[in-house]
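*Asks:* Handing you a structure now.
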Amino acid sequence: MCAALAALVLAGCGQAQPKAQDKYAGLEQQILDWRTGLRASDPACSAKADACTAFEVGCKGERQITSAEAAKGMTAKVVVAMSWTALDPKSGVASPVAGVKQFEKIGGAWTSHAVAPVNLSTCG
């Protein structure tokens with residue numbers, strides 16, 4: 875009987891446990907889409923194929939979801955700061971550029987909008 879009980883316990887350990895839902899699933903793709911959009915829409919970036927380079931995410935910071943936002947189905951809110959180098963098409967001089975967006979996940983879908991600059995060490 876002890877052997878049967880031990881076999882059942884060990885069999886239970888080998889079973890896959892349900893995985894917790896990742897509330898940030900899809901965020902990395904949204905950041906990549908932002909970068910792709912910048913390359914296509916920013917005048918400095920779209921002027922030449924390699925006019926914008928060195929894209930780098932400086933920070934990501936989770937924001938508190940209010941009860942009103944949660945009631946609307948928001949499950950994640952994250953601020954992302956990104957920097958890159960843009961080549962001025964007229965002068966040919968490369969300059970640092972930065973942008974900050976807030977990404978919000980509502981009903982499983984991400985949306986984003988530009989927000990004010992943040993402190994890169996705290997993303998706050």
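Residue numbers (our numbering): 875 to 998. For every residue, glycine included, the Cβ atom is placed at its ideal position computed from N, Cα and C. Note that the coordinates shown come from a computational prediction; the quantities given were computed from them, not determined experimentally.
With a threshold of 8 Å on Cβ separation, who are the neighbours of R913 within its own chain once the five nearest residues in sequence on each side are excluded?
*Replies:* The answer, listed in chain order, is C919, S920 and C926.
*Asks:* Where do the N-terminal and C-terminal ends of the beta strand (DSSP E) with S941 fall, by residue?
*Replies:* From DSSP, S941 is part of no beta strand (DSSP E) but of the alpha helix (DSSP H) over S941 to A945.
*Asks:* Check the DSSP bridge columns for F977 and list the partner residues they point to.
*Replies:* Note: F977 sits in a beta bridge opposite V952 and S986.
*Asks:* As a quick exercise: from G947, P963 and W908, pick the residue whose alpha carbon is nearest that of A983.
*Replies:* Of the listed residues, the one whose Cα sits closest to A983 is G947.
*Asks:* Using alpha carbons as the reference points, say which of M956, F929 and A945 lies closest to G935.
*Replies:* It is M956 whose Cα lies nearest to the Cα of G935.
*Asks:* Please go through the same chain and pick out, in chain order, the residues whose beta-carbon is closer than 7 Å to the beta-carbon of H987, but skip the five residues on each side of it.
*Replies:* Cβ neighbours of H987 beyond the five flanking positions: K975 and Q976.
*Asks:* Which residue from Q895, Q904 and P917 puts its Cα closest to that of K964?
*Replies:* Out of Q895, Q904 and P917, P917 has the C-alpha closest to the C-alpha of K964.
*Asks:* Taking the C-alpha atoms as reference points, what is the distance between R909 and A942?
*Replies:* Straight-line Cα distance between these residues: approximately 30 Å.
*Asks:* Residues bridged to L1002 by DSSP?
*Replies:* Summary: the structure shown does not reach residue 1002, with the chain confined to residues 875 through 998, and so no result is reported for it.
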